[in-house]
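S.K.: So the sequence shown is numbered by the working numbering: it starts at 6 and just counts up by one.
C-beta atoms are modelled at their ideal positions from N, C-alpha and C, and glycine is treated no differently.
Below are the structure tokens for one structure; questions will follow.
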Amino acid sequence: MDARPEQPTALVDRYLRLCEDRDLEAAADLLAPGVVLVFPGGRRHASLAAMAASARGDYRWVRKRRERYFAAPLPDGSGATAVTSLGTLYGEDLAGSPFEGIRYADVFVVQDGLIAEQHVYNDLALTGTSRSTAIGAPSDPPIRTRCRT
6 MDARPEQPTA
16 LVDRYLRLCE
26 DRDLEAAADL
36 LAPGVVLVFP
46 GGRRHASLAA
56 MAASARGDYR
66 WVRKRRERYF
76 AAPLPDGSGA
86 TAVTSLGTLY
96 GEDLAGSPFE
106 GIRYADVFVV
116 QDGLIAEQHV
126 YNDLALTGTS
136 RSTAIGAPSD
146 PPIRTRCRT
């Protein structure tokens, strides 16, 4: 039996699929205690259930076409890895109209095999698909780093 830990990009991809399928219980098992979840407009969520409830005011459903991943260790010596997922969104807005081709970038911090941070950026508000008015608001905290100078 192979007991190697899941690679950070595979972990993030599995988490995103579980969230899309609304298997939030299984997705929550991939989150570290005290996870930071920040969505467009600086909206912070304490849980995936809170995130899903908030999204009900944005669209009927949404999925991601995950096109590329980038992963790199954080330069702080913590052993954490930053993972960025780039692609486009497609789904159905609240009026029932389909949408597609909307850019997104999700940035994660994976620490000790769990997701410690998720920062979501997308163009839903710019297209009029979402009620969010601020994309990547200045209140979004930077990804945690402890760079030594």
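1) Name the residue from R70, P10, P45 and A55 whose alpha carbon lies nearest to the alpha carbon of F104.
2) Buried or exposed: where does E72 fall if 16 or more other Cβ atoms within 10 Å of its Cβ makes it buried?
3) Mind checking R90: buried by the 16 CB within 10 Å criterion, or exposed?
4) Excluding the 5 residues preceding and the 5 following C24 in the sequence, name in chain order all residues of the same chain whose CB lies nearer than 6 Å to its CB.
5) Could you check the C-alpha separation between G92 and R108 for me, to the nearest Å?
6) Expressed to the nearest angstrom, what Euclidean distance is found between the alpha-carbon atoms of A110 and D34?
M.R.: In terms of the structure at hand:
1) R70
2) exposed
3) What sits at residue 90 in the sequence shown is Ser, not Arg. Flag for S90 reads buried.
4) A32
5) 6 Å
6) 22 Å
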